[in-house]
Amino acid sequence: MRNLALFALLAATISGCATYTTSSVGGRTTVDVQNTGWYLFSFIPLGSGDHDDPNTCGGKIFSNSVSLENNMKILKKAMIAEQAYKAENVVSRWTDERVFFILLKRYACHTSAELIR
């Protein structure tokens with residue numbers, strides 16, 4: 007039972023996450039999209055965010071869904087949720103960080119935009 011709990015904790019830790027957050031200040035609505043994934047030796051996917059179901063704890067194990075295309079899909083879901091018809095000033099960037107030297111690497115694709123209602 008203890009091994010099963012450790013495995014579940016490890017799986018939750020290495021699985022990726024796909025999220026978006028919106029903010030409305032001063033009559034403007036902005037959105038921030040982030041999709042992350044964990045990789046073994048920088049190229050073997052261990053887990054990444056589920057772009058089909060953002061803002062949930064679930065992810066896709068042993069898959070690579072960290073891409074600009076998937077961030078645009080998440081942005082579209084945010085636009086539908088906020089009833090926006092257009093996104094302006096769309097900016098994307100990539101980040102990565104090493105964990106346990108060269109063994110694990112976390113990649114993230116970030117996208118931000120202003121939503122027009």
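Numbering (our numbering), first residue to last: 7 to 123.
Cβ atoms here follow ideal geometry from the backbone N, Cα and C, with glycine treated the same way.
- Determine the DSSP secondary structure at L94, reduced to helix, strand or coil. It should be pointed out that residue 94 corresponds to Glu in this sequence rather than to Leu. Three-state DSSP puts E94 in a strand.
- Query: In whole angstroms, what is the alpha-carbon distance linking D38 and L46?
  - Reply: 27 Å
- Task: Could you check the C-alpha separation between N61 and S54 for me, to the nearest Å?
- Result: 13 Å
- List in chain order: all unbroken beta strand (DSSP E) runs of 3+ residues lying wholly within the region 33-90. 34-46, 50-55, 65-67
- Query: Hey, out of E75, T42, D59, whose CA is closest to P51's CA?
  - Reply: T42
- Express the C-alpha separation of G33 and M85 in angstroms, rounding to a whole number. 16 Å
- Got a sec? Which residues, its chain only, sit under 7 Å from L74 by beta carbon, not counting five neighbours each side? S98, C115
- Query: Mapping DSSP to helix, strand and coil, what is L121?
  - Reply: strand
- Between T35, F49, I80, S48, which lies nearest to D56 when the distance is taken from Cα to Cα? I80
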